[in-house]
Amino acid sequence: MTLKSIIYENGKLEILDQLLLPSQSQYIEVKGVEDGWRAIHKMHVRGAPAIAIVGCLSLAVEIQPEVFTDKKILRQEVEGKLNYLVSARPTAVNMKLAADELISLVNALDKDELVSAEQMKKKFLGAIETMLEKDIADNRAIGDAGANAVLSHCSGDSMVRILTHCNTGTLATAGYGTALGVIRSLHSLGRLEHVYCTETRPYNQGARLTAYELVHDKIPATLVCDSMVSALMRARSITAVVVGADRVATNGDTANKIGTYQIAVVAKHHGVLFYVAAPFTSIDFSIPSGEHIVIEERPEREMSHVADHRIAAPGINCWNPAFDVTPANLITGIITEKGVFSPSELAKHLKTGSDYPHS
Ligand code: MRU
26 MTLKSIIYEN GKLEILDQLL LPSQSQYIEV KGVEDGWRAI HKMHVRGAPA
76 IAIVGCLSLA VEIQPEVFTD KKILRQEVEG KLNYLVSARP TAVNMKLAAD
126 ELISLVNALD KDELVSAEQM KKKFLGAIET MLEKDIADNR AIGDAGANAV
176 LSHCSGDSMV RILTHCNTGT LATAGYGTAL GVIRSLHSLG RLEHVYCTET
226 RPYNQGARLT AYELVHDKIP ATLVCDSMVS ALMRARSITA VVVGADRVAT
276 NGDTANKIGT YQIAVVAKHH GVLFYVAAPF TSIDFSIPSG EHIVIEERPE
326 REMSHVADHR IAAPGINCWN PAFDVTPANL ITGIITEKGV FSPSELAKHL
376 KTGSDYPHS
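Once you know that position 232 of the sequence shown is 257 in my numbering, the rest is easy, because the numbers rise by one and skip nothing.
Structural data, given as structure tokens:
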């Protein structure tokens with residue numbers, strides 16, 4: 026059975042409720058932009074690519090039944106609602122880039138005198154549906170590029186051991202996954218000995234979601250607490266860390282789930298490869314470095330409680346940044362569907378507009 030986090034059929038959108046996993050697999054319907062914003066904000070759906078896809082599809086289901094005779098009204102509605110969806114969570118860049126791209130499209134269509142309002146709507150919906158298919162194809166390419174990059178450091182047909190953090194799989198994307206896609210590709214090549222996934226406190230994406238996907242796919246895997254990473258690297262030889270990204274700056278600084286930075290520091294200390302796997306749309310060429318990334322702070326309750334049970338002493342203050350920024354100098358390579366880039370190669374891409382895949 027294929028795991029599906031987003032179902033979009035005949036104009037109806039349903040998402041697997043990630044707040045209920047792994048104990049319950051229940052789909053909830055997203056009927057429009059308000060539902061989409063809430064699902065993203067409350068983290069019924071999470072993961073940078075999935076946020077963008079669900080956000081855009083929530084707009085698609087909302088405007089599908091509407092009839093437009095005036096292109097300006099359609100353009101204004103689309104622009105306002107996309108900007109609203111961007112505000113649901115600030116750190117991941119994918120929703121913002123998707124919104125910018127779709128707003129440019131409606132602006133161009135609005136100016137084109139040969140296009141009617143209904144044709145404009147059709148083209149707009151078509152562009153959103155293409156995003157869903159592109160994400161799966163890109164993830165497969167990321168998986169293959171990442172597997173090759175990791176294996177290029179291994180001799181003969183030796184097996185690899187990977188550590189990952191947070192959830193970057195089918196649940197975080199349209200399917201297959203980014204860092205988890207690399208793990209899936211290594212597994213299907215018969216080169217994966219073992220995966221270690223961190224719990225990923227406080228929201229437990231690793232224990233609840235990545236572990237769920239690994240068990241589902243029968244990939245040999247072990248769960249560790251976030252605080253065990255140094256001990257793990259000392260006790261078991263880890264070939265590479267592979268994580269996802271919410272936003273990569275032009276210099277390669279990478280925002281990802283809180284805890285990623287400390288894993289990168291520990292990997293450097295132990296001489297372990299540290300790869301970031303992300304679609305090219307996670308690279309934000311509008312910012313020079315990670316200092317410009319807004320880090321979302323989430324409610325204290327995510328730390329003080331597990332489900333409805335309070336675990337922290339009443340009265341204690343909590344600080345709950347959802348992401349941190351790993352400096353580029355700790356990153357071996359950034360795996361994208363266009364190839365694997367060293368952090369310094371991203372800036373060259375911006376200057377020339379060409380790709381610089383390295384092996
Ligand atoms: O807060 P989340 O669960 O949305 O955070 C998700 C991550 O940090 C992922 O690693 C990142 O979005 C990449 S998902 C392919």
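Beta carbons are placed, not taken as given, at the ideal position from N, Cα and C, and that holds for glycine. Computed from a predicted model, the values in this text were never measured in an experiment.
Within 10 angstroms of its Cβ, does residue i collect 16 or more other Cβ (buried), or is it exposed?
i: serine 30; result: buried
i: asparagine 164; result: buried
i: lysine 96; result: buried
i: methionine 26; result: exposed
i: histidine 178; result: exposed
i: serine 307; result: buried
i: proline 382; result: Any reading at proline 382 is ruled out, since the residue's pLDDT is 44, under 50, leaving its predicted position unreliable.
i: threonine 285; result: buried
i: lysine 121; result: buried
i: glycine 231; result: buried
i: histidine 66; result: exposed
i: arginine 63; result: exposed
i: proline 339; result: exposed
i: glutamate 224; result: buried
i: alanine 113; result: buried
i: asparagine 444; result: The structure shown does not extend to residue 444, since the chain spans only 26 to 384, so no value can be given for it.
i: valine 331; result: exposed
i: proline 324; result: exposed
i: proline 368; result: buried
With a CB to CB cut of under 6 Å and the five nearest residues on each side skipped, what residues in its chain are close to residue i?
i: leucine 152; result: The sequence shown places alanine at residue 152, rather than the leucine named in the question. Hits under 6 Å: Leu130.
i: tyrosine 33; result: Leu82
i: lysine 106; result: Val58, Leu84
i: serine 384; result: With a pLDDT of only 36 at serine 384, under the threshold of 50, the placement of this residue in the model should not be trusted, and no figure is reported.
i: threonine 279; result: Ala270, Val273, Val301, Thr351
i: arginine 13; result: Examination of residue 13 is not possible in this model, given that the chain is present from 26 through 384 alone.
i: serine 255; result: Val291
i: aspartate 68; result: Here the sequence assigns methionine to residue 68, which means aspartate is not the residue at that position. Cβ within range, chain order: n/a, list empty.
i: leucine 38; result: Val55, Leu82, Val86
i: alanine 372; result: Thr275
i: alanine 123; result: Ala77, Cys81
i: leucine 205; result: Thr193, Gly194
Can you give the Cα-Cα distance for residue i and residue j, rounded to whole angstroms?
i: alanine 166; j: valine 365; result: 11 Å
i: lysine 139; j: valine 86; result: Inspection of the sequence shows that residue 139 is occupied by leucine rather than by lysine. Distance between the alpha carbons of leucine 139 and valine 86 is about 25 Å.
i: glycine 277; j: valine 290; result: 16 Å
i: lysine 148; j: aspartate 125; result: 16 Å
i: leucine 44; j: lysine 136; result: 43 Å
i: aspartate 271; j: leucine 99; result: 30 Å
i: leucine 239; j: lysine 293; result: 26 Å
i: leucine 196; j: serine 50; result: 12 Å
i: leucine 211; j: leucine 188; result: 13 Å
i: methionine 253; j: asparagine 35; result: 46 Å
i: serine 183; j: lysine 243; result: 20 Å
i: serine 180; j: glutamate 91; result: 59 Å
i: aspartate 309; j: histidine 241; result: 33 Å
i: alanine 133; j: leucine 150; result: 15 Å
i: arginine 209; j: threonine 116; result: 26 Å
i: glycine 61; j: glutamate 104; result: 15 Å
i: alanine 199; j: asparagine 192; result: 13 Å
i: asparagine 281; j: glycine 358; result: 15 Å
i: asparagine 354; j: serine 314; result: 12 Å
i: valine 175; j: tyrosine 52; result: 36 Å
Excluding the five sequence neighbours on either side, which residues of its own chain have a C-beta within less than 7 Å of the C-beta of residue i, listed in chain order?
i: threonine 94; result: Ala142
i: proline 47; result: Arg233, Tyr237
i: glutamate 327; result: Pro227, Tyr228, Asn345
i: glutamine 297; result: Note that residue 297 is valine in the sequence shown, not glutamine. Around valine 297: Met258, Ile263, Ala265, Val266.
i: methionine 156; result: Ile78, Cys81, Ala123
i: isoleucine 283; result: Pro346, Ala347, Phe348, Asp349
Start and end of the beta strand (DSSP E) containing residue i?
i: leucine 157; result: That residue, leucine 157, is in no beta strand (DSSP E); its alpha helix (DSSP H) goes 142-176.
i: histidine 219; result: 217-223
i: aspartate 349; result: 348-351
i: histidine 273; result: Just to set this straight, residue 273 is valine in the shown sequence, not histidine. Start and end: 272-274.
i: arginine 186; result: 185-189
i: lysine 37; result: 37-41
i: alanine 265; result: 265-268
i: glutamate 104; result: Note, glutamate 104: premise wrong, no beta strand (DSSP E); alpha helix (DSSP H) at 96-111.
Specify, as a first and last residue, the run of the alpha helix (DSSP H) that residue i falls within.
i: aspartate 135; result: 119-136
i: lysine 293; result: 285-295
i: asparagine 281; result: Segment 279-282 is the beta strand (DSSP E) holding asparagine 281; no alpha helix (DSSP H) there.
i: isoleucine 336; result: Unbroken run through isoleucine 336: none, as it is neither H nor E.
i: leucine 214; result: Note, leucine 214: premise wrong, no alpha helix (DSSP H); not H, not E.
To which residues of the same chain is residue i closer than 8 Å at the C-beta, ignoring the five residues directly before and after it?
i: proline 304; result: Pro74, Asn119, Asp160, Asp163, Asn164, Ile167, Thr203, Thr361, Glu362
i: serine 329; result: Arg335, Ile336, Ala337, Ile341, Cys343
i: aspartate 169; result: Ser210
Quick one: is the Cβ of residue i within less than 6 Å of any heavy atom of the ligand MG?
i: alanine 199; result: What this structure holds is the ligand MRU, not the ligand MG.
Against chain B, with Cβ distances strictly below 7 Å, would residue i count as a contact?
i: tyrosine 237; result: In the displayed structure, chain B is absent; only one protein chain is listed.
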